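Engineer: First to last, the protein sequences are chains S and D.
In terms of our numbering, the first sequence opens at residue 1 and continues consecutively.
In terms of our numbering, the second sequence opens at residue 1 and continues consecutively.
Protein chains: 2
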Amino acid sequence: MSSKVASYEKKLADAIQKVFEQEGFPTLYDPARYILSLGGKRLRPLLTLMGADLFGGTPEKTINAALAIEIFHNFSLLHDDLMDRADMRRGQPTVHKKWSASHAILSGDAMVIESYRYIAKAPISILPEVLDLFTTTAMQICQGQQLDMDYEQRMDVSETEYLEMIRLKTAVLIGCSLKMGALIAGADPEEANSLYEYGINIGLAFQLKDDLLDVYGDTKTFGKKIGGDILCNKKTYLLIKALKNSGEQQKKTLLQWLSAVDFDPEEKIRYVKNIYDELNLRVITGNLIEKYYLASLDCLTSIRVSENRKKDLIEFSENLMYREK
Amino acid sequence: MSSKVASYEKKLADAIQKVFEQEGFPTLYDPARYILSLGGKRLRPLLTLMGADLFGGTPEKTINAALAIEIFHNFSLLHDDLMDRADMRRGQPTVHKKWSASHAILSGDAMVIESYRYIAKAPISILPEVLDLFTTTAMQICQGQQLDMDYEQRMDVSETEYLEMIRLKTAVLIGCSLKMGALIAGADPEEANSLYEYGINIGLAFQLKDDLLDVYGDTKTFGKKIGGDILCNKKTYLLIKALKNSGEQQKKTLLQWLSAVDFDPEEKIRYVKNIYDELNLRVITGNLIEKYYLASLDCLTSIRVSENRKKDLIEFSENLMYREK
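1. Residues of chain S with a CB under 8 Å from the CB of Ala120 (chain D): which are they?
2. Taking the C-alpha atoms as reference points, what is the distance between Leu46 (chain D) and Gly108 (chain D)?
3. Does Tyr216 (chain S) come within less than 8 Å of chain D when only Cβ atoms are used?
4. Hey, is Thr170 (chain D)'s beta-carbon within less than 8 Å of any beta-carbon in chain S?
5. Using three-state DSSP, classify Gln336 (chain S) as helix, strand or coil.
6. State buried or exposed for Tyr293 (chain D), treating a residue as buried only when at least 16 other CB atoms are found within 10 Å of its CB.
7. State yes or no: is the beta carbon of His79 (chain D) nearer than 8 Å to at least one beta carbon in chain S?
8. Based on the DSSP output, what are the partners of Arg89 (chain S) in its beta bridges?
9. Below 7 Å CB to CB, which residues in the same chain sit around Glu266 (chain S) once its five sequence neighbours on both sides are set aside?
10. Grab the span of the alpha helix (DSSP H) containing Gly199 (chain D) for me, first residue to last.
11. Near Leu54 (chain D), what residues of its chain come up, given a Cβ to Cβ distance below 8 Å and the 5 sequence neighbours on each side ignored?
12. Which residues, in order along the stretch 93-124 of chain S, keep a beta-carbon less than 8 Å from a beta-carbon of chain D?
13. Does any C-beta atom of chain S lie closer than 8 Å to the C-beta of Met149 (chain D)?
14. Looking only at C-alpha atoms, which of D:Ala66, D:Gly51, D:Lys97, D:Tyr276 sits nearest to Asp81 (chain D)?
15. Taking DSSP as the reference, what is the three-state secondary structure of Gly51 (chain D)?
16. Since Leu38 (chain D) and Arg89 (chain D) should fall inside the 8 Å C-beta cutoff, what is the C-beta to C-beta distance between them, to a whole number of angstroms?
17. What is the DSSP secondary structure of Ser296 (chain D), reduced to helix, strand or coil?
18. Find out if the Cβ-Cβ distance for the pair Val130 (chain D), Leu67 (chain D) is shorter than 8 Å.
19. Does the Cβ-Cβ distance between Leu178 (chain D) and Gly91 (chain D) come in under 8 Å?
20. Below 8 Å, how does it come out for the stretch 251-264 of chain D and the stretch 278-297 of chain D: are there three or more Cβ pairs, yes or no?
21. Do the CB positions of Cys142 (chain S) and Ile113 (chain D) come within less than 8 Å of each other?
22. If I follow the unbroken alpha helix (DSSP H) through Met83 (chain D), where does it start and stop?
23. Around the C-beta of Thr219 (chain S), are 16 or more other C-beta atoms found within 10 angstroms, so that it is buried, or is it exposed?
24. Note down, in chain order, each residue of its chain lying with its Cβ closer than 8 Å to the Cβ of Leu147 (chain D), except the 5 sequence neighbours on either side.
25. Along chain D, in chain order, which residues have C-beta atoms closer than 8 Å to that of Met180 (chain S)?
26. Given that a residue counts as buried once 16 or more other Cβ atoms are within 10 Å of its Cβ, and exposed if not, what is Phe263 (chain S)?
27. For Asn201 (chain D) versus Ser296 (chain D), is the C-beta spacing smaller than 8 Å?
28. How many angstroms separate the CA atom of Glu225 (chain D) from the CA atom of Asp214 (chain D)?
29. Do you know offhand how far Ser2 (chain S)'s Cα is from Glu315 (chain S)'s?
30. Is the distance from the Cβ of Phe206 (chain S) to the Cβ of Ile174 (chain S) below 8 Å?
31. Return helix, strand or coil for Lys224 (chain S), following the three-state DSSP convention.
32. When the Cα of Leu238 (chain D) is compared with those of D:Val283, D:Tyr198, D:Ala6, D:Lys268, which residue comes out closest?
33. From the DSSP output, in three-state form, read off Ala122 (chain D) for me.
34. Within its chain, find whatever has a CB closer than 8 Å to the CB of Glu159 (chain D); leave out the 5 residues flanking it on each side and keep chain order.
35. Can you tell me whether Asn74 (chain S) is buried or exposed, with buried defined as 16 or more other CB within 10 angstroms of its CB?
36. For the alpha helix (DSSP H) holding Trp257 (chain D), just list the boundary residues, first then last.
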């Protein structure tokens, strides 16, 4: 990682600590401070600072927009965890487990509102554009979460539907994070859009890589337990593809495991993974990730700034591509 | 009602029907359309149009901000109903009853975001001010809801605490609705603030009147069943005042009814109301309402526009003051 990116990470960590610093209303703000303190990679706000840097923008001018995105992202995790009934997040109890469902709902609401308070600090000359980007993205994320929940009930989700769902749920915020930085740095609209498309492609690759690592990750480096998605029947790219490509016997086995109530977790993972292996899904998924990765690089190439300025983003994409966790 | 206010109501009804008109994502937007269609008095957006009119603003220029406020208000009802586990709203099942808790959470989130889409349509010259007012108010409403939930667990809520809670939960949105209209009409900041203070006072009077009508309303005109707040132990002004002012025997009876599990509803209402009567709470609450009402008129008086322009707002305050439902 370049020393510039390291300094951005430090600036972000310091700034995130100051969000919701105000006194009072502990039952409203403690859960928000808690989820923000759980960390994570801070990818999105980092991309906002890097998107600005690409066009000569400074972190000082960009950090409020970056914080808005990180607050919004954490709000969406908070509410999604409640809707998905997830007990743990980053190794810690989720907000609705530690406090209650009502606390999770209301603290999340306060986080959306707070994210707009930070977005509203953008320079007046670009405020309408920035607001429009943020609001459009925020709404798409809700649409993506809705599709994700709708798809839980369905066994016939197509590859196209799945890719559209992860575009909305994950990729648009990556695109928005980057474009937000570009807009604040005063980038030409066409170049800002190329950076957005770079983000969409990277975002898709990122989510597909997540799906892949859940099955084929290295237990030692992955951080989470392998097979978590398989155990909770999560509709990942691999499962959708398996339901589509499987032969009669494979599909029967797969559906049996999907409806099984009482089972040995290791056995379920082994059987499902075996079908994925038979269907060559590791390679198929890997190829799709590669496709989006190459498309992302094309988007970056079309942006007319010096190659030197693009170095950090290229390194960033490579890290996502070749990460093992 | 003046023909102008009637035309505003018509314009609002038409415009509200067009909110969330877009196709697609029915599981996300149907609940939002549903709660918006349940009606209600549309007080807040009407006040935005009236606030603009006071300073010569037109409904055409103001209606988007008015819609933003109505959407946000309905979002807060939607999430509050879920947190309060309310089954009915305006005689119809609440969203989480008709769909599910997850639908209520996510549709509500989409409504907050949509409300910002409407607010962002304000003229660029006043956009930062309008955004700041909206965001500050939205956050105060969350704070008010949090206090309301916190106070459910407490028997020692003071009058001052209660008034601050209803200021945050109810009055600030009335103030914001009016001031929003004033800002869009280009009112002088000081005058816009006087209108805001008018709204705060009217909002406090409005909530206290609600508390009073629950006990002393006329069953025929009130619309809701009398004593609903008493049955669910809602911390109203009357209950808080009764807990404070009651003698030893009265307090014992009151606490017994508050902790009663198995009881005849009519009997509980009769006993609690009897204590309120003994403590003269109808008159005490009425006097406080009168105090806020007079304070609101003082705020209106300080605004330097022709008395003729103020007519509609004065009629509006009178209607709230002397309403029986």
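Ideal Cβ positions, reconstructed from N, Cα and C, are used throughout, including at glycine.
Since the structure is predicted, the reported quantities are computational estimates derived from the model, not experimental observations.
Structural biologist: Looking at the atomic coordinates:
1. Residue 120 (chain D) sits at position 120 when you count from the first residue of the second sequence. Here the neighbours are Pro128, Leu131, Asp132, Thr135.
2. Start at 1 with the first residue of the second sequence, and residue 46 (chain D) comes out as number 46. Start at 1 with the first residue of the second sequence, and residue 108 (chain D) comes out as number 108. Using only the alpha carbons, I get a separation of about 22 Å.
3. Along the first sequence, read from residue 1 onward, the residue named residue 216 (chain S) stands at position 216. With 8 Å as the cut-off, Tyr216 (chain S) does not count as an interface residue toward chain D.
4. Within the second sequence, the letter at position 170 stands for residue 170 (chain D). It does not; no Cβ of chain S falls within 8 Å.
5. The requested residue 336 (chain S) does not occur in the structure, where chain S is confined to residues 1 to 325.
6. Here the question's residue 293 (chain D) lines up with position 293 in the second sequence. That one is buried.
7. For the purposes of this step, residue 79 (chain D) is taken as residue 79 along the second sequence, with counting starting at 1. Answer yes: the Cβ-Cβ gap between His79 (chain D) and chain S drops below 8 Å somewhere.
8. Looking up residue 89 (chain S) in the first sequence gives position 89. DSSP lists S:Gln92 as partners of Arg89 (chain S).
9. The residue given as residue 266 (chain S) occupies position 266 in the first sequence. So no residue of the chain qualifies.
10. What you label residue 199 (chain D) is simply residue 199 of the second sequence in a count that begins at 1. Taken as a continuous stretch (DSSP letters only), the alpha helix (DSSP H) holding Gly199 (chain D) covers 189-216.
11. For the purposes of this step, residue 54 (chain D) is taken as the residue at position 54 of the second sequence. Within the same chain, Leu54 (chain D) has close Cβ partners Gly181, Ala182, Ala185, Ala187, Leu195, Ile303, Val305, Arg309, Lys310, Leu313.
12. Ala101, Ser102, Ile105, Leu106, Gly108, Asp109, Ala110, Val112, Ile113, Glu114, Tyr116, Arg117, Ala120, Ile124
13. Locating residue 149 (chain D) in the second sequence gives position 149, counting from the first residue. Yes - at least one Cβ of chain S is within 8 Å of the one on Met149 (chain D).
14. Translated into positions along the second sequence, residue 81 (chain D) becomes position 81. Selected option, being the one with the closest Cα: D:Lys97.
15. Here residue 51 (chain D) refers to the residue found at position 51 when the second sequence is read from its first residue. The answer is helix: DSSP assigns Gly51 (chain D) an H, G or I state.
16. If you number the second sequence from 1, residue 38 (chain D) lands on position 38. If you number the second sequence from 1, residue 89 (chain D) lands on position 89. Contact flag correct, Cβ pair sits at about 6 Å.
17. By 1-based counting over the second sequence, the position of residue 296 (chain D) is 296. Reduced to three states, the DSSP call for Ser296 (chain D) is helix.
18. As a position in the second sequence, residue 130 (chain D) is number 130, starting the count at 1. As a position in the second sequence, residue 67 (chain D) is number 67, starting the count at 1. No, these two residues do not count as a Cβ contact at 8 Å.
19. Residue numbering aside, residue 178 (chain D) sits at position 178 when the second sequence is read from its first letter. Residue numbering aside, residue 91 (chain D) sits at position 91 when the second sequence is read from its first letter. Not in contact: Leu178 (chain D) and Gly91 (chain D) (Cβ atoms no closer than 8 Å).
20. no
21. Taking the first sequence and counting its residues from 1, one reaches residue 142 (chain S) at position 142. Taking the second sequence and counting its residues from 1, one reaches residue 113 (chain D) at position 113. Yes, Cβ-Cβ distance for Cys142 (chain S) and Ile113 (chain D) is below 8 Å.
22. What you label residue 83 (chain D) is simply residue 83 of the second sequence in a count that begins at 1. Its alpha helix (DSSP H) spans residues 59-83.
23. Counting from 1 along the first sequence, the entry for residue 219 (chain S) is found at position 219. With fewer than 16 Cβ atoms within 10 Å of its Cβ, Thr219 (chain S) is classed as exposed.
24. The residue you call residue 147 (chain D) lines up with position 147 of the second sequence. Result list for Leu147 (chain D): Glu161, Glu164, Met165, Leu168, Lys169, in chain order.
25. Taking the first sequence and counting its residues from 1, the one referred to as residue 180 (chain S) is at position 180. Simply none; closest approach about 15 Å.
26. Against the first sequence, residue 263 (chain S) aligns to sequence position 263. Exposed.
27. As a first step, residue 201 (chain D) must be located in the second sequence, where it is residue number 201. As a first step, residue 296 (chain D) must be located in the second sequence, where it is residue number 296. Going by C-beta atoms, Asn201 (chain D) is nearer than 8 Å to Ser296 (chain D).
28. Position 225 of the second sequence, counting from 1, holds the residue named residue 225 (chain D). Position 214 of the second sequence, counting from 1, holds the residue named residue 214 (chain D). The question names Glu, but residue 225 (chain D) in the sequence shown is Lys. Straight-line Cα distance between these residues: approximately 8 Å.
29. Position 2 of the first sequence, counting from 1, holds the residue named residue 2 (chain S). Position 315 of the first sequence, counting from 1, holds the residue named residue 315 (chain S). Each residue's Cα considered, the two are about 9 Å apart.
30. Locating residue 206 (chain S) in the first sequence gives position 206, where the first residue counts as 1. Locating residue 174 (chain S) in the first sequence gives position 174, where the first residue counts as 1. Yes, the pair counts as a contact, with Cβ atoms nearer than the cut-off.
31. Numbered from 1 along the first sequence, position 224 holds the residue referred to as residue 224 (chain S). Lys224 (chain S) falls in the coil class under three-state DSSP.
32. Residue 238 (chain D) sits at position 238 when you count from the first residue of the second sequence. Considering only alpha carbons, the answer is D:Val283.
33. Along the second sequence, read from residue 1 onward, the residue named residue 122 (chain D) stands at position 122. If DSSP states are grouped into helix, strand and coil, Ala122 (chain D) belongs with coil.
34. For the purposes of this step, residue 159 (chain D) is taken as residue 159 along the second sequence, with counting starting at 1. Counting only Cβ-Cβ distances below 8 Å, and skipping sequence neighbours, we find Tyr237, Ile240, Lys241, Lys244.
35. As a working note, residue 74 (chain S) is residue 74 in the first sequence. Its Cβ being crowded by 16 or more others within 10 Å, Asn74 (chain S) is buried.
36. Locating residue 257 (chain D) in the second sequence gives position 257, where the first residue counts as 1. That run of the alpha helix (DSSP H) goes 248-259.
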